[in-house]
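Engineer:
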Amino acid sequence: MVYLVFVDDSQQRGPLPREGLDDLVALGAVIMHEERMLDYTARVEDLRSRLEVSAEVEFKWKPPKGSFLAKASGDVVNELTQGMLKIAADCGVVSVVAVWDQGRTGWNKDDTESICRRMLFERIERHLDTEQELGIVICDEPGGGSKQIKSFLADCRTLLEEGTEYVQRKRILLPFMTAPSEHVAPLQLADLVTAATTAALAGHPRGLALLDLLRPLMRSNGFGQVGGYGLLLWPPPLVGLHYWIARDVTYRGKSIAPKGDPFVSSGNDFAEDCGLRHDDAPCDCGPETV
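The numbers in the sequence shown follow this note's numbering, run straight up by one, and end at 290.
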């Protein structure tokens, strides 16, 4: 049996609603077992039909100006978005999203995406190893034409050949492939999951509103911990966001829940505060109050 892995990228430029974050660069994957592929596709087609969204309309988190989804009512877009995530959960889809705060490192976008790709590769291989299955990776076709696509595929081939310090290729069957997302429904799901997760991290209300549907998809370990497994944040001072986004209370064996003591939490910029401004209302972002 084979898992199909669909990959897309996202970006959020500062200034962001969540104070303490700058420009975010993200790469995400949705992992789907081959036996659930036709079921997922058929159910999304039924959802679109009910909402009168043509099969030719590509789902994009940020649809082009003047497109059908850009002009559609908020109710239609919300129902389509939520429906896709619910169907994904029913079909056993697992997500992995790597997010890098580019503003904290000063790296360019290409270098940042390359590091995120390595992080994603490691988690895909580990997931396949846990499941004792093989996988095929399909990425959304990069913009910029054939030259950009060739460069992207060459970088991916090098990654598979060399592996990383921690993980070597064992279960990814073929070189990474690309496809235009308008023809591949699961790539549109990858766009949704990656972009919505990144938007939630940035503090945008639209992304935050979907967290209850995103969390069930996030890859976790045997103890239900998402950080480092299905949500990868860098650099280290962002570790506290695993609490606010994924509801994790520990990370690598250490508590990341608020302690009411900023000195104890030194080095974790989001240990005591979610970074969002709630005016005079109490913060309700934590797992104990959501």
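Glycine included, every Cβ here is placed at the ideal spot set by N, Cα and C.
Buried or exposed for Pro15, going by 16 or more other Cβ atoms inside 10 Å?
Structural biologist: As a first step, residue 15 is located in the sequence shown; it is residue number 15 there, counting from the start. Exposed.
Engineer: On the premise that His127 lies in contact with Arg219, defined as a C-beta separation below 8 Å, what is that separation, rounded to the nearest angstrom?
Structural biologist: Your numbering for residue 219 matches position 219 in the sequence shown. Your numbering for residue 127 matches position 127 in the sequence shown. At roughly 6 Å, the Cβ-Cβ gap stays under 8 Å, so Arg219 and His127 are in contact.
Engineer: Can you round the beta-carbon distance between Gly227 and His242 to whole angstroms, since I take them to be within the 8 Å contact cut?
Structural biologist: In the sequence shown, residue 227 corresponds to position 227, counting from 1. In the sequence shown, residue 242 corresponds to position 242, counting from 1. Yes, they are in contact, since the Cβ atoms of Gly227 and His242 sit about 4 Å apart, within 8 Å.
Engineer: Just checking my contact of Glu161 with Leu27 at CB under 8 Å: how many whole Å lie between their CB atoms?
Structural biologist: Along the sequence shown, read from residue 1 onward, the residue named residue 161 stands at position 161. Along the sequence shown, read from residue 1 onward, the residue named residue 27 stands at position 27. Going by Cβ atoms, the distance from Glu161 to Leu27 rounds to 19 Å, so no, they are not a contact pair.
Engineer: Give the secondary structure of Thr164 by DSSP, where H, G and I count as helix, E and B as strand, and everything else as coil.
Structural biologist: Start at 1 with the first residue of the sequence shown, and residue 164 comes out as number 164. Thr164 falls in the coil class under three-state DSSP.
Engineer: Per DSSP, Met37 forms a beta bridge with which residues?
Structural biologist: One-based indexing of the sequence shown puts residue 37 at position 37. Beta-bridge pairing links Met37 to no other residue.
Engineer: Which runs of the alpha helix (DSSP H) spanning at least 4 residues fall entirely within the stretch 73 to 111, listed in chain order?
Structural biologist: 74 to 90, 102 to 105, all fully within the stretch 73 to 111.
Engineer: Once the 5 residues before and after Asn268 are set aside, which same chain residues still bring their CB inside 6 Å of it?
Structural biologist: Here residue 268 refers to the residue found at position 268 of the sequence shown. Excluding positions up to five away in sequence, the list reads Val239, Gly240.
Engineer: From Leu24 to Asp39, what does the alpha carbon distance come to, in whole angstroms?
Structural biologist: On the sequence shown, position 24 is the one that residue 24 refers to. On the sequence shown, position 39 is the one that residue 39 refers to. About 33 Å.
Engineer: In terms of DSSP beta bridges, what is Asp140 paired with?
Structural biologist: Position 140 of the sequence shown, counted from the first residue, corresponds to residue 140. Partner(s): Ala179.
Engineer: To the nearest angstrom, report how far apart Thr105 and Gly83 are at their CA atoms.
Structural biologist: The residue you call residue 105 lines up with position 105 of the sequence shown. The residue you call residue 83 lines up with position 83 of the sequence shown. Answer to the nearest angstrom: the Cα atoms are 37 Å apart.
Engineer: Count the CB pairs spanning the stretch 133 to 143 and the stretch 86 to 106 that are closer than 8 Å, and state whether there are at least three.
Structural biologist: No: fewer than three Cβ pairs fall under 8 Å.
Engineer: Quick check: the Cα distance between Asp111 and Leu159, rounded to an integer number of angstroms?
Structural biologist: Here residue 111 corresponds to residue number 111 of the sequence shown, with the count starting at 1. Here residue 159 corresponds to residue number 159 of the sequence shown, with the count starting at 1. Approximately 14 Å, taken between the alpha carbons.
Engineer: Could you pull the start and end residues of the alpha helix (DSSP H) that Leu276 belongs to?
Structural biologist: Numbered from 1 along the sequence shown, position 276 holds the residue referred to as residue 276. Note, Leu276: premise wrong, no alpha helix (DSSP H); not H, not E.
Engineer: How big is the Cα-Cα spacing for Met119 and Trp100?
Structural biologist: If you number the sequence shown from 1, residue 119 lands on position 119. If you number the sequence shown from 1, residue 100 lands on position 100. Whole-angstrom Cα-Cα distance: 11 Å.
Engineer: Of the choices Glu131, Pro236, Val193, whose alpha-carbon is the least far from that of Ile172?
Structural biologist: Taking the first residue of the sequence shown as position 1, residue 172 is located at position 172. Nearest option by C-alpha distance: Glu131.
Engineer: Kindly indicate which residue of Val5, Ile256, Ala55, Val193 has the alpha-carbon position closest to the one of Met37.
Structural biologist: Reading the sequence shown from its first residue, position 37 is the one you call residue 37. It is Val5 whose Cα lies nearest to the Cα of Met37.
Engineer: For Val5, which three-state DSSP category applies?
Structural biologist: Here residue 5 corresponds to residue number 5 of the sequence shown, with the count starting at 1. Strand at Val5.
Engineer: Measure the CB-CB distance between Val53 and Val76 and report whether it falls below 8 Å.
Structural biologist: One-based indexing of the sequence shown puts residue 53 at position 53. One-based indexing of the sequence shown puts residue 76 at position 76. For Val53 and Val76, yes; Cβs fall inside 8 Å.
Engineer: Taking DSSP as the reference, what is the three-state secondary structure of Ile149?
Structural biologist: Taking the sequence shown and counting its residues from 1, the one referred to as residue 149 is at position 149. If DSSP states are grouped into helix, strand and coil, Ile149 belongs with the helices.
Engineer: Which class does Thr289 belong to by DSSP, given the choice of helix, strand or coil?
Structural biologist: Here residue 289 refers to the residue found at position 289 when the sequence shown is read from its first residue. Reliability of the predicted coordinates at Thr289 is poor, the pLDDT of 44 falling under 50, and the value obtained from them is presented with this limitation in mind. In this structure, Thr289 counts as coil in the three-state DSSP scheme.
Engineer: Would you decide whether Phe223 is buried or exposed? Buried here means 16 or more other CB atoms lie within 10 Å of its CB.
Structural biologist: Position 223 of the sequence shown, counted from the first residue, corresponds to residue 223. Its Cβ having fewer than 16 others within 10 Å, Phe223 is exposed.
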